[in-house]
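*Asks:* Chains as they are written, first to last, in UniProt numbering: chain W, 1 to 602; chain H, 1 to 346.
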Ligand code: HEM
Ligand SMILES: [Cu+2]
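(1) Taking 7 Å as the cut-off, is the CB of residue 211 of chain H close to at least one heavy atom of ligand 2?
(2) Taking 7 Å as the line, does the beta carbon of residue 322 of chain H fall inside it for any heavy atom of ligand 2?
(3) Which residues of chain W have a Cβ atom closer than 8 Å to the Cβ of residue 99 of chain H, listed in chain order?
(4) Quick one: which residues of the region 284 to 297 of chain W get their C-beta closer than 8 Å to a C-beta of chain H? List them in chain order.
(5) At least one CB of chain W closer than 8 Å to the CB of residue 259 of chain H: is that the case?
(6) Identify each residue in the UniProt domain "Cytochrome c" (247 to 343) of chain H for which the Cβ-Cβ distance to at least one residue of chain W is less than 9 Å, and report them in chain order.
(7) From residue 598 of chain W to residue 68 of chain W, what distance separates their C-alpha atoms?
(8) Name the chain H residues that come within less than 7 Å of residue 264 of chain W, Cβ to Cβ?
(9) Quick one: complete beta strand (DSSP E) runs, 3+ long, within the UniProt domain "Cytochrome c" (247 to 343) of chain H?
(10) Determine, using beta carbons only, whether residue 37 of chain H and residue 200 of chain H come nearer to each other than 8 Å.
(11) Hey, out of H:277, H:340, H:271 and H:253, whose CA is closest to residue 305 of chain H's CA?
(12) Are the region 116 to 124 of chain W and the region 25 to 37 of chain W touching by the rule of at least three beta carbon pairs closer than 8 Å?
(13) May I ask you to list, following chain order, the residues of the region 179 to 211 of chain H that have a beta carbon less than 9 Å from some beta carbon of chain W?
(14) What is the rounded straight-line gap between the Cα of residue 260 of chain W and the Cα of residue 182 of chain W?
(15) Which residues in chain H sit within 8 Å of residue 118 of chain W, going by Cβ to Cβ distance?
(16) Considering only heavy atoms of ligand 2, does any lie closer than 7 Å to the CB of residue 236 of chain W?
(17) Start and end of the alpha helix (DSSP H) containing residue 210 of chain W?
(18) Between which two residues does the alpha helix (DSSP H) holding residue 547 of chain W run?
(19) Less than 8 Å between C-beta atoms, sequence neighbours within five positions excluded: which residues of the same chain meet that for residue 156 of chain H?
(20) Please find out if some non-hydrogen atom of ligand 4 comes closer than 7 Å to the beta-carbon of residue 220 of chain H.
(21) Do residue 234 of chain W and residue 197 of chain W count as a contact pair if the criterion is CB distance below 8 Å?
(22) One question on the structure: do residue 541 of chain W and residue 5 of chain W come within less than 8 Å of each other, judged by their Cβ atoms?
(23) Taking CB distances under 8 Å as the criterion, tell me whether residue 352 of chain W reaches chain H.
(24) I need the straight-line Cα distance from residue 601 of chain W to residue 595 of chain W, nearest angstrom please.
(25) Could you give the first and the last residue of the continuous beta strand (DSSP E) run that contains residue 204 of chain H?
(26) How many whole angstroms separate the CB atoms of residue 415 of chain W and residue 461 of chain W, which I take to be in contact at a CB cut-off of 8 Å?
(27) State the start and end residues of the unbroken alpha helix (DSSP H) segment that holds residue 58 of chain W.
(28) In the DSSP assignment, the alpha helix (DSSP H) including residue 238 of chain W goes from what residue to what residue?
(29) Tell me whether residue 223 of chain H sits in a helix, a strand or coil according to DSSP, three-state version.
(30) If you measure from the beta carbon of residue 356 of chain W to each beta carbon in chain H, is any gap under 8 Å?
(31) Kindly indicate which three-state DSSP category residue 171 of chain H falls into: helix, strand or coil?
(32) Indicate the three-state DSSP secondary structure (helix, strand or coil) for residue 451 of chain W in the structure shown.
(33) Given the structure, does residue 137 of chain H come close to ligand 2, in the sense that its CB is under 7 Å from one of the ligand's heavy atoms?
(34) With DSSP collapsed to three states, give me the class of residue 177 of chain H.
(35) If I follow the unbroken beta strand (DSSP E) through residue 129 of chain H, where does it start and stop?
(36) Can you pull the chain H neighbours of residue 341 of chain W, defined as C-beta to C-beta under 7 Å?
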């Protein structure tokens, strides 16, 4: 019950971790099934239509229900601590964001049991996703599930914007913010601008599907290319929403374990902002073959190539952070160091794709599959692993097992390159993506087999991580404040796990890498910025949970045209909003004599 | 400084070797790495240029990363604190400027090529005009000037520019012949896309649909056959010649009621693939390969492939619009035989 009503950002972070991790396992299982189907030509392990469902659900699940929430897990666990805040700006909203994401994700996955999952690809291009060619309910689940989950993400993004702008400890100017906080800040801004585009697109598609509107129906004056634009105006920034926080994690981890400050901090900040900005300018590079004409293709080619410049700055800054450092290879750092060359490989294929005439060959082939997995798995997932190993003690008060961690790293890392490196060649040799089978004799057999073996290794790596979690959770909570001993930022000044109120006294920040600065001056704690006093805390609430259930119910009503159910669901949601608005709740206070540096129970 | 040039000198053959390796990759009639016509060649040129630049970047990063990882690993018991450098403007400018230079090297030919490949030959009287229409899950090729319609296999002369107008009859597909030219989407509605290519070497090239279009997207293959001009002219003539129905009245009747309601043979019309000359095509349904020496599951003689298709089209291509037709084994045999014998000389 405590977990259903919590508004504590650290617990919400753990909820995100559990839910995101769960969906990651589902998405991973789908990936393995996809790879089993493709291990040899003309295989009939799954049928063509099941394959398309697996493919669609794998992409959708990994992006929206695994990667995003896992990042939100890290954001929630770390950002308020890094800026010396006692909580996020809107704790109630934070909980609401989580529950809407969760029920949106559950709704999507219910489709498996309701007679067919969506099968038009995670991009759901019309007309394939229109009622004319996708008759079942599958795509309806996609439209409504994503809509609800998207609301959650948008709420979360706005919350972090407000938190980072308003809740920084005294002395923490923008240019003293840790890199991870910076990337979360930019990511939140991207969420604020990108997700409304998705929401609008999904509403339009929902109207087409449920109420016979004609936004995308060419027979009645609609336009299918419109959907592609809307989708990618959201979809391209989305990949930067995903990768920027991973950049942040890598910056923190590499700098800590090199015992050195981040090289070129201000150029890092500048590069992050620039990447965020350019991320919005290049969506049409997903549409070079749509026939937008040479002027558009040339412009979007060049704009896309430009992103390589700030990204390059980041790569070299990381390398030079390690240069001259004293590098310690913990599991977290192995993931971070493994990230750098891997991500570079994904980045350079991105530049190759940006050259439009060459992209006429790459587009929609396995080359693209290889590219985006290099950036998403090789970038984002390695980043998330690094972050989890790094902050696990701060989240749970226990250190993950290093030996198992290294086994996990090597299995996952080798498996990853085995799976995706050969796919570049498959694509260039003529293998289109999203195919459920391929004919024999085309020269695709061996590489597909290698790819499948790699995927299984990645699966084993993930299992090693799960075992690690189980073993670790049986050990006592004895992690130190600063378990890596080289902690540089504020989260390492408070107990592991962090107490409910984070900071008994708000710290005074006197420079970049605030904690490191104090340590160098021979202190082992921050100077407080305020006297010890009662701490105001928000009250827990069940309303976010119920509101999300309301939306969940309304979603079903919409899909099955049961308007009473829709209305009932919405009444629940709006009823909760009303209750929340009229009921005064001032929270409670923790008095100074109750302060016990024990930490949240996890 | 000397030292660095040495490294470059050593890298060059490595890169050249890589490019060579690349160009030996895959089947000549299918791989974008083994271009067989000027358009694909131009695209391959851009690929080689970008791969070289990118391999250079990757190698530089790998070398620095390896060096750093080995040189600066913490020795046991090391408690020293490294110098906390803030940054270095000179270095930062270097790694901003070098990528920009590399991008200019790639950007200029890219732009040239974007405009070059967008050239419109649809009004050119010397070009062969072909209207490509994609269907779930087959391809229709119409030669408007010649008044010919065919399916699954596009015959072209090897001495002319082929000018394509691509559209779709249903969902999005994408028209792609890797060894001849990159792909172009087929959009619904009035939105017609154009492209061109040439196939100077005679031969058969494999084409594919590259946009997820439903369950049988994977099987939406087609062939492009480049022949000399005289053969091409003979083919056009043969396509237009009348075709006799089977002599057997019973069989002709079965054929007319069951097949010709959708398909056309000879000068008939129909919305399904045109069957004129199907006996001399390389495949049935675009992906059952006709050969007397079957090695793979999707190969067989024309007769066998036709029988397999007629028994249950959905077994071959899931979700396709033909659907199973109620025919006795006897009828399937004789219809297949008739179709297999519908050969044209060219
Ligand atoms: C065990 C790890 C993974 C494996 C083996 C794997 C494998 C695959 C395969 C085989 C495809 C189908 C490619 C095609 O036919 O077009 C695919 C598609 C995709 N994957 Fe993964 N994947 C993995 C992890 C991930 C992760 C972590 C993400 C994102 C965070 C992701 C995102 C996607 C996306 C967006 C698609 C495209 C789906 C579509 O075409 O609609 N994958 N993956
Ligand atoms: Cu298709």
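Cβ atoms here follow ideal geometry from the backbone N, Cα and C, with glycine treated the same way.
*Replies:* In short:
(1) The residue given as residue 211 of chain H occupies position 211 in the second chain. Distance from the C-beta of residue 211 of chain H to the nearest heavy atom of ligand 2 is below 7 Å.
(2) Position 322 of the second chain, counted from the first residue, corresponds to residue 322 of chain H. Checking every heavy atom of ligand 2 against the Cβ of residue 322 of chain H, none is found closer than 7 Å.
(3) Within the second chain, residue 99 of chain H is the residue found at index 99, counting from 1. 308, 309 and 312, listed in chain order.
(4) 289, 290, 291, 293, 294 and 297
(5) As a working note, residue 259 of chain H is residue 259 in the second chain. No, because no Cβ of chain W sits closer than 8 Å to the Cβ of residue 259 of chain H.
(6) 287, 289, 295, 296, 297, 298, 299, 317, 318 and 319
(7) Position 598 of the first chain holds residue 598 of chain W. Position 68 of the first chain holds residue 68 of chain W. Because the pLDDT at residue 598 of chain W is just 48, under 50, the model does not fix this residue reliably, and the point stays unresolved.
(8) As a position in the first chain, residue 264 of chain W is number 264, starting the count at 1. Result: 87 and 92.
(9) 288 to 290
(10) For the purposes of this step, residue 37 of chain H is identified with residue 37 of the second chain, where counting begins at 1. For the purposes of this step, residue 200 of chain H is identified with residue 200 of the second chain, where counting begins at 1. Their beta carbons are under 8 Å apart, which means residue 37 of chain H touches residue 200 of chain H by this criterion.
(11) Here residue 305 of chain H is taken as the residue at index 305 of the second chain, counted from 1. Nearest C-alpha to residue 305 of chain H: H:340.
(12) no
(13) 179, 181, 182, 183, 184, 185, 187, 188, 189, 190, 191, 192, 193, 194, 195, 206, 208, 209, 210 and 211
(14) Numbered from its first residue, the first chain carries residue 260 of chain W at position 260. Numbered from its first residue, the first chain carries residue 182 of chain W at position 182. The straight-line gap from Cα to Cα measures roughly 19 Å.
(15) Here the question's residue 118 of chain W lines up with position 118 in the first chain. Here the premise fails: no neighbours, minimum Cβ distance about 12 Å.
(16) Translated into positions along the first chain, residue 236 of chain W becomes position 236. No, ligand 2 has no heavy atom inside 7 Å of this Cβ.
(17) As a first step, residue 210 of chain W must be located in the first chain, where it is residue number 210. That run of the alpha helix (DSSP H) goes 179 to 211.
(18) Numbered from its first residue, the first chain carries residue 547 of chain W at position 547. Taken as a continuous stretch (DSSP letters only), the alpha helix (DSSP H) holding residue 547 of chain W covers 543 to 559.
(19) For this step, residue 156 of chain H is matched to residue 156 along the second chain. Closer than 8 Å at Cβ, skipping near neighbours: 128, 130, 162, 199, 224, 225, 226, 227 and 232.
(20) Ligand 4 is not among the ligands present in this structure, which contains only ligand 1 and ligand 2.
(21) Position 197 of the first chain holds residue 197 of chain W. Position 234 of the first chain holds residue 234 of chain W. Contact flag set, yes.
(22) Here the question's residue 541 of chain W lines up with position 541 in the first chain. Here the question's residue 5 of chain W lines up with position 5 in the first chain. Going by C-beta atoms, residue 541 of chain W is nearer than 8 Å to residue 5 of chain W.
(23) Here the question's residue 352 of chain W lines up with position 352 in the first chain. So yes, residue 352 of chain W belongs to the interface.
(24) Taking the first chain and counting its residues from 1, one reaches residue 601 of chain W at position 601. Taking the first chain and counting its residues from 1, one reaches residue 595 of chain W at position 595. Model confidence at residue 601 of chain W stands at a pLDDT of 41, short of 50, so the residue's coordinates are unreliable; what they give is reported in the following sentence. If I take the Cα positions, the gap works out to 15 Å.
(25) Your numbering for residue 204 of chain H matches position 204 in the second chain. It spans 203 to 209 - the beta strand (DSSP E) in which residue 204 of chain H sits, taken as one unbroken run.
(26) Here residue 415 of chain W refers to the residue found at position 415 when the first chain is read from its first residue. Here residue 461 of chain W refers to the residue found at position 461 when the first chain is read from its first residue. Rounded, the Cβ-Cβ distance is 6 Å, consistent with contact.
(27) As a working mapping, residue 58 of chain W is identified with position 58 in the first chain. Going by DSSP, residue 58 of chain W is part of the alpha helix (DSSP H) stretching over 48 to 60.
(28) Numbered from its first residue, the first chain carries residue 238 of chain W at position 238. Unbroken alpha helix (DSSP H) run through residue 238 of chain W: 224 to 257.
(29) Here residue 223 of chain H is taken as the residue at index 223 of the second chain, counted from 1. Residue 223 of chain H falls in the strand class under three-state DSSP.
(30) Counting from one through the first chain, the residue named residue 356 of chain W turns up at place 356. Output row for residue 356 of chain W: interface = yes.
(31) Here residue 171 of chain H refers to the residue found at position 171 when the second chain is read from its first residue. In the structure shown, residue 171 of chain H sits in coil (DSSP, three-state: anything other than H, G, I, E or B).
(32) On the first chain, position 451 is the one that residue 451 of chain W refers to. DSSP, reduced to helix, strand and coil, places residue 451 of chain W within a helical segment of the structure shown.
(33) Taking the first residue of the second chain as position 1, residue 137 of chain H is located at position 137. Residue 137 of chain H: yes, Cβ under 7 Å from ligand 2.
(34) For the purposes of this step, residue 177 of chain H is identified with residue 177 of the second chain, where counting begins at 1. In the structure shown, residue 177 of chain H sits in a strand (DSSP, three-state: E or B).
(35) Position 129 of the second chain, counted from the start, is the residue given in the question as residue 129 of chain H. Per DSSP, residue 129 of chain H belongs to the beta strand (DSSP E) from 128 to 135.
(36) Here residue 341 of chain W corresponds to residue number 341 of the first chain, with the count starting at 1. Residues of chain H whose Cβ lies closer than 7 Å to the Cβ of residue 341 of chain W are, in chain order, 61, 62 and 65.
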